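Throughout, my numbering is defined as the position within the sequence shown, counted from one, plus 10.
We put the CB at the ideal spot given by N, CA and C, even for glycine.
Since the structure is predicted, the reported quantities are computational estimates derived from the model, not experimental observations.
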Amino acid sequence: MLVHNFHILVMHVFQIHLFSYDPAKYSFCKEKSIVNILKVGESGELRFLTEIKTGVYGIAIWPESADPDYEKLLNQLDIVIPEATQWKNRRPNIGDFVFGQRVDGTWVRGYIICVLPCLILAMVDDAKLVIVSNLATCEEPLSDMYAFSGICELTVATQRFMENIDYKYKVTGQTDNEKPDEFEILILGGDDEVKATVRPWTPMLEQLGVPCGDVNYGTTVCITGYQNHIVMYVRPLDTLGLARYNFIMETVAKCAETSPFLNEPCIGESVLALSADGNYYRGTVFSVRDDKVHVRFEDLGRREFVDGKKLKVYPDCLNNLGYCISKIRLQGIPKDIPPLIPIIKILDNLVENKVPLILTYDGVPNTEGVYLKHPEGESVNNMICKCLELYHVKPSKEIKN
């Protein structure tokens, strides 16, 4: 019976992908793929970059007919200076084709696929995702040049290929009329010929990682918790956001019904904890004082002292469930101020009443901050700054109403 219930739960958890992954969301990533111009009968070379899942690889691919185009791309990438067109006070949009700067300082071409809680770029030249810190305009001719990458799916998934080694291939056909950008190929390796299909690369579920709240410019959200007067957590209130939230809460609740109580909680341990609102949430133990345990609720972004006797074991099947919240930072508010009662009252009211707020931003939101605006007009940023004026604290910059 326990095994049967476990399988039901696993299938239930797996369905979260219905709310977190939609290939059509990333269809713009196909636009520049060299795979779009493949022709039946032509040959070329490909290189396996990384295995995304069993038998499915991100590849670099070079049709013989496009050799001059590839040479031009390399020349342009060698001379371009993205710093010259780096963005300042410019709002990024999902689907923008830009340069993004990685942690190591290098710049790469790609499409913006996420702006919060971090800025994520779909690197079309490498068929993978990367977190970037800065953006720059990708100008002509680079903005019009092909990306020599794609997805290769082996017909027999057990076949193995070495990464970063070039293999010859030949295009033998197209899969069907409904997928004009998907081609059948033969990979030539010594005496062996391996059948596979190639298609333009778009981010795959396995590359996206654990999903979180999907928020963007103009998304209506509510605050679920706050770290201080600047850093807080929000979840989207649109149809998809509510569906994901309800699904996650129901799944955690079902786990809590059957999960055993925890005997001795340890600092840093993942647990299921009973909140003051009567619901169980996923949490992390921060401190233990006799029967009182200080827990950070990962589904809410806030901390509470809870009854240690009611903590439950965190089941492994929740690891990939994902989250419905995103971490944000309010723009234009001084950092170094003490906790002020008027501000705490404002934020507590917004959390307790799940007040709908419209999220907007002027620049890169994860670094420059955002505005949370009431539908009737005034922003939370401005409300907080009014409280600061009473204590003679000067706002760091102009705040929008």
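I believe T230 touches L247 by the beta-carbon criterion, under 8 angstroms. Please report the beta-carbon distance rounded to the nearest angstrom.
5 angstroms
Residues sharing a beta bridge with M242, DSSP:
Y236 and I338
According to the Cβ coordinates, are L367 and K383 closer than 8 angstroms?
yes
Which residues in the same chain have their Cβ closer than 6 angstroms to the Cβ of L83, if we skip the five residues on either side of it in sequence?
M155
Buried or exposed (CB count within 10 angstroms, at least 16 for buried), L400:
exposed
From the DSSP output, read off the bridge partner residues of N144.
Q111
In three-state DSSP terms, what is V390?
helix
Going by other Cβ atoms of all chains shown within 10 Å of its Cβ, with 16 needed for buried, is M242 buried or exposed?
buried
N- and C-terminal bounds of the alpha helix (DSSP H) containing Q184:
Not the alpha helix (DSSP H): Q184 falls in the beta strand (DSSP E), residues D176 to D186.
Residues near P352 by beta carbon distance below 6 angstroms, same chain, minus five either side:
C397
Nonlocal neighbours in the same chain, by C-beta distance under 8 angstroms from I62, ignoring five residues either side:
G68, I161, M214, E216 and Q217
Short check: CB of T165 to CB of K205, under 8 angstroms?
yes
By Cβ distance, which residues of its chain are closer than 6 angstroms to I277, with the 5 residues on each side in sequence left out?
V295
Assuming contact is defined by CB atoms lying nearer than 8 angstroms, are I343 and I240 in contact in what I supplied?
yes
What does DSSP give as the partner residue(s) for Q96 in the beta ladder?
A146
Express the C-alpha separation of Y227 and D77 in angstroms, rounding to a whole number.
40 angstroms
Go through its chain and collect everything with a Cβ distance to F315's Cβ below 6 angstroms, but skip five positions before and after it.
K302 and H304
Within 10 angstroms of the Cβ of A266, are there 16 or more other Cβ atoms? Answer buried if so, exposed if not.
buried
Exposed unless 16 or more other CB atoms sit within 10 angstroms - verdict on M133:
buried
Please name the residue in V323, F109, K178 and D106 whose C-alpha comes closest to that of E279.
V323
Please go through the same chain and pick out, in chain order, the residues whose beta-carbon is closer than 7 angstroms to the beta-carbon of R112, but skip the five residues on each side of it.
V118, V140 and V142
Give me the Cα-Cα distance between G120 and V390, rounded to the nearest whole angstrom.
33 angstroms
Express the C-alpha separation of Q184 and F38 in angstroms, rounding to a whole number.
21 angstroms
Hey, could you find the ends of the alpha helix (DSSP H) G251 is sitting in?
T249 to T268
Is Y243 near the ligand FMN, judged by its Cβ being under 7 angstroms from some heavy atom?
Judged by which ligands are present, the structure shown has none, so any question about the ligand FMN falls away.
Could you tell me the alpha carbon to alpha carbon distance between I71 and A157, rounded to whole angstroms?
9 angstroms
State buried or exposed for N392, treating a residue as buried only when at least 16 other CB atoms are found within 10 Å of its CB.
buried
Relative to the C-alpha of R339, which residue among P325, E362 and G311 is closest?
G311
Once you ignore the five residues that flank Y236 on each side, which residues in its own chain have a CB closer than 6 angstroms to its CB?
M242 and L357
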